[in-house]
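Below is one structure, written out as structure tokens; the observations come after it.
Number of protein chains: 2
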Amino acid sequence: MGVSLKDVALRAGVSVKTVSNVVNDYPHVRAGTRDRVQRAIDELGYRPNATARQLRTGRSGIIALAVPELGNPYFADLATAVIDAAAHHAHTVLLDHTAGLRANETLVSQGFRSHLIDGLILSPIHLEREDLLHRPARPPLVLLGEREYDAPFDHIAIDNVAAARLAVRHLLGLGRRRIAFVGARRDSRRQPAHLRLRGWREELLAAGRTPREDLVIATDGYDRLDGAVAMTRLLDLPEPPDAVFAYNDLVALGALRVLAERGVKVPEQVAVVGFDDIEDGRYGAVTLTTIAPDKAAIARLAVDRLIARIEAAPERTPPPPRRILPGHTLVVRESTAGRAPHRT
Amino acid sequence: MGVSLKDVALRAGVSVKTVSNVVNDYPHVRAGTRDRVQRAIDELGYRPNATARQLRTGRSGIIALAVPELGNPYFADLATAVIDAAAHHAHTVLLDHTAGLRANETLVSQGFRSHLIDGLILSPIHLEREDLLHRPARPPLVLLGEREYDAPFDHIAIDNVAAARLAVRHLLGLGRRRIAFVGARRDSRRQPAHLRLRGWREELLAAGRTPREDLVIATDGYDRLDGAVAMTRLLDLPEPPDAVFAYNDLVALGALRVLAERGVKVPEQVAVVGFDDIEDGRYGAVTLTTIAPDKAAIARLAVDRLIARIEAAPERTPPPPRRILPGHTLVVRESTAGRAPHRT
DNA sequence: CTGAAAGCGCTTACAG
DNA sequence: CTGAAAGCGCTTACAG
Numbered sequence: 001m002g003v004s005l006k007d008v009a010l011r012a013g014v015s016v017k018t019v020s021n022v023v024n025d026y027p028h029v030r031a032g033t034r035d036r037v038q039r040a041i042d043e044l045g046y047r048p049n050a051t052a053r054q055l056r057t058g059r060s061g062i063i064a065l066a067v068p069e070l071g072n073p074y075f076a077d078l079a080t081a082v083i084d085a086a087a088h089h090a091h092t093v094l095l096d097h098t099a100g101l102r103a104n105e106t107l108v109s110q111g112f113r114s115h116l117i118d119g120l121i122l123s124p125i126h127l128e129r130e131d132l133l134h135r136p137a138r139p140p141l142v143l144l145g146e147r148e149y150d151a152p153f154d155h156i157a158i159d160n161v162a163a164a165r166l167a168v169r170h171l172l173g174l175g176r177r178r179i180a181f182v183g184a185r186r187d188s189r190r191q192p193a194h195l196r197l198r199g200w201r202e203e204l205l206a207a208g209r210t211p212r213e214d215l216v217i218a219t220d221g222y223d224r225l226d227g228a229v230a231m232t233r234l235l236d237l238p239e240p241p242d243a244v245f246a247y248n249d250l251v252a253l254g255a256l257r258v259l260a261e262r263g264v265k266v267p268e269q270v271a272v273v274g275f276d277d278i279e280d281g282r283y284g285a286v287t288l289t290t291i292a293p294d295k296a297a298i299a300r301l302a303v304d305r306l307i308a309r310i311e312a313a314p315e316r317t318p319p320p321p322r323r324i325l326p327g328h329t330l331v332v333r334e335s336t337a338g339r340a341p342h343r344t
Numbered sequence: 001m002g003v004s005l006k007d008v009a010l011r012a013g014v015s016v017k018t019v020s021n022v023v024n025d026y027p028h029v030r031a032g033t034r035d036r037v038q039r040a041i042d043e044l045g046y047r048p049n050a051t052a053r054q055l056r057t058g059r060s061g062i063i064a065l066a067v068p069e070l071g072n073p074y075f076a077d078l079a080t081a082v083i084d085a086a087a088h089h090a091h092t093v094l095l096d097h098t099a100g101l102r103a104n105e106t107l108v109s110q111g112f113r114s115h116l117i118d119g120l121i122l123s124p125i126h127l128e129r130e131d132l133l134h135r136p137a138r139p140p141l142v143l144l145g146e147r148e149y150d151a152p153f154d155h156i157a158i159d160n161v162a163a164a165r166l167a168v169r170h171l172l173g174l175g176r177r178r179i180a181f182v183g184a185r186r187d188s189r190r191q192p193a194h195l196r197l198r199g200w201r202e203e204l205l206a207a208g209r210t211p212r213e214d215l216v217i218a219t220d221g222y223d224r225l226d227g228a229v230a231m232t233r234l235l236d237l238p239e240p241p242d243a244v245f246a247y248n249d250l251v252a253l254g255a256l257r258v259l260a261e262r263g264v265k266v267p268e269q270v271a272v273v274g275f276d277d278i279e280d281g282r283y284g285a286v287t288l289t290t291i292a293p294d295k296a297a298i299a300r301l302a303v304d305r306l307i308a309r310i311e312a313a314p315e316r317t318p319p320p321p322r323r324i325l326p327g328h329t330l331v332v333r334e335s336t337a338g339r340a341p342h343r344t
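Quick note, the sequences are listed as chains A and B, same order.
Residue 153 in UniProt numbering is what sits at position 153 of the first sequence, and the numbering runs on without skipping anything.
Residue 225 in UniProt numbering is what sits at position 225 of the second sequence, and the numbering runs on without skipping anything.
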């Protein structure tokens, strides 16, 4: 079917070894030989067969990225950044979505399709530590996101507690006294959002205030609808909050929608802070104040770390797994700062 | 390193052929033999090497999907749907983004990484017909989206002209008389959006109205920012429009943001219709009326068609390429219908 | 600097 | 119903 090394070798009158040397830029090839081989390659339109190379070398040049859902712009942005970072290392990205389900996350982490990929970047939601315990050493795994595991894997995530405290401090600075947290889980044993919730608690305590647990709203997921449902409940409280810190921007946007529906003024009556800095937050009728994780840094660090493990010689002891903390910033917009007067 | 067929064969006391037969569910294997082999497989933890299988069969089980950008929720949704549809055929999806650049789109269509993939689904923006002309027959290609090419490839897209006419008809039915189109291109030779623009023109003419070309606004891209810039220009016109039909929802959302900023009432003063039905449009302060393409159908049809070509016997003449038109609907929301009174 | 040959782990005619 | 063997297209010690 296709043109193989052998065809090129025949045409150039050399062995396949020499052709292989030329194709892989092996330095010690005589210039004349190289030219002759190159000409044969061009004439025949030869292109190396990646599969055969992979079978021989054990490397595919593919890394997998598994996120809960691409429908969340945060993960779409992250995926884009990972694809770009991988391209820098001449790697391609195979994308998986887990729907945040523990079973899917476990399957992926256990090496589903592992023969096809050199490494895996996984952003888990409901995966538990024990799901990770009997994982084979290959392909290497880098974890992303808020969930922390006492397990020997690199983990790239911003400091969620510090970021949450920054958000709550901002709201306290605006004089807000009833600050709700939206995005806890009903099941107290499983708290994917526990770090952001902890930050909310810590900052309130540090300010000498008692965290009001009735202002902690559990949600089913982390989508706009969850934020809308939670906000409705909060507004129906005898004493509604004057601020909302949402687990993420989608939840915050759902809350903003309900506030608009009910005619509640933002930020005058209720201030809102999200988390992720997705683009939607910059274009609503009220733009959204949010925590902006450095997504490019997250992607770059994750890919760099993964590639380093992929390329590590198997006989040497690998570097110990690390927690790496990319930066984050608070981006203040209308949902806490109010709107500049109309340009008319 | 890993456990191979040979190891299993040795342990089960059969030939590799028999193990292969069991692994691939070849029917004619004696039950006793099958059990013995299965036990050996389980004990050794054997898992087939996909790379070796691919080298032998020429099939990887991977299809590539190339979209302009994942940051547009429409493409994120589409990618999700394609991943699901591919999973039905036991295929995995390799994701590429082209940034809508002709060079990237050409590279992908010409078979970049073609040894790794069984087929390609491409949603082009600026690709031209000539870029497609000297494409090798393999891997098969299915095209998506508004751009039409007089080239022998399957093409899955909703009827963009009919959909645009539906949107404009809706606005006309609301009594709007100055209906702008936002999302044309400056360069008149390259009009990715030409079908939706044509629909705008045709429906106005059919209603006995003259399309006002000064209400056709060119944009650099199809993002929120482009919609915001365009809306600003429209509002600064001596006689601003009373309705906007946007190329897509992102552009429409950018326009809505500017309308809110300027204190223009939607839909009373300006009604807005988008295109794509992304989730953001359902949660703004003013929800967005839009054309909803049947994304699941698009993904399913594209994958089905691609898999059929992948599995077609190479010696038989392949089925002729087809244009397939999945359905679409108009979803009416507040940006044209107004808001229901507050629930208080 | 270059060649002949083994082998990565499968699948698949070809026999029996 | 099962086995022995070739071969997919590479890379890479091993020679020379």
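For glycine and all other residues, C-beta sits at the position ideal for the given N, C-alpha and C.
So, are the CB atoms of residue i and residue j less than 8 Å apart?
i	j	result
G221 of chain B	A252 of chain B	no
I62 of chain A	H88 of chain A	no
A157 of chain B	A260 of chain A	no
A81 of chain A	A308 of chain A	no
E334 of chain A	T290 of chain A	no
V8 of chain A	L44 of chain A	yes
A246 of chain A	A255 of chain A	yes
D276 of chain A	Y74 of chain A	yes
T51 of chain A	H170 of chain A	no
V216 of chain B	L197 of chain B	yes
V272 of chain B	A85 of chain B	no
If you draw a straight line from the C-alpha of residue i to the C-alpha of residue j, how long is it?
i	j	result
H194 of chain B	S123 of chain B	16 Å
L301 of chain A	R59 of chain A	21 Å
A218 of chain B	E268 of chain A	37 Å
V3 of chain B	D226 of chain A	46 Å
D249 of chain B	A292 of chain A	24 Å
A340 of chain A	R339 of chain B	25 Å
F181 of chain B	V168 of chain B	10 Å
I125 of chain B	L325 of chain B	18 Å
L144 of chain A	P318 of chain A	20 Å
R233 of chain B	R322 of chain A	51 Å
L235 of chain B	D131 of chain B	39 Å
H134 of chain A	L141 of chain A	13 Å
V93 of chain A	L95 of chain B	7 Å
T106 of chain A	L127 of chain A	6 Å
V332 of chain A	W200 of chain A	18 Å
R147 of chain B	D77 of chain A	25 Å
Q38 of chain B	L5 of chain B	12 Å
T329 of chain B	A163 of chain B	8 Å
So, is residue i buried or exposed, given that buried needs 16 or more other C-beta atoms within 10 angstroms?
i	result
Y283 of chain A	buried
K265 of chain A	exposed
T344 of chain A	Annotation note: pLDDT 42 at T344 of chain A (below 50); position unreliable, no value reported.
G13 of chain A	exposed
V69 of chain B	Contrary to the premise, residue 69 of chain B reads as Glu rather than Val in this sequence. Buried, since its Cβ has 16 or more Cβ neighbours within 10 Å.
H115 of chain B	buried
Report, in whole angstroms, the separation of the C-beta atoms of residue i and residue j, which I expect to be a contact under 8 Å.
i	j	result
P48 of chain A	V16 of chain A	12 Å between Cβ atoms; not a contact.
A66 of chain B	L120 of chain B	7 Å
R224 of chain B	E279 of chain A	6 Å
P139 of chain A	I117 of chain A	6 Å
G327 of chain B	A297 of chain B	6 Å
H28 of chain B	I83 of chain A	Contact flag wrong, Cβ pair sits at about 45 Å.
So who's on the other strand from residue i, going by DSSP bridges?
i	result
V286 of chain A	Per DSSP, none; premise fails for V286 of chain A.
T329 of chain B	B:A292
L5 of chain B	None, per the DSSP bridge assignment.
D154 of chain B	B:V142
G119 of chain A	A:I63
L95 of chain A	A:L65
G274 of chain B	B:T290
Tell me whether residue i, by its Cβ, gets closer than 7 Å to a heavy atom of the ligand MG.
i	result
L288 of chain B	Although the ligand MG was asked about, the structure shown includes no ligands whatsoever.
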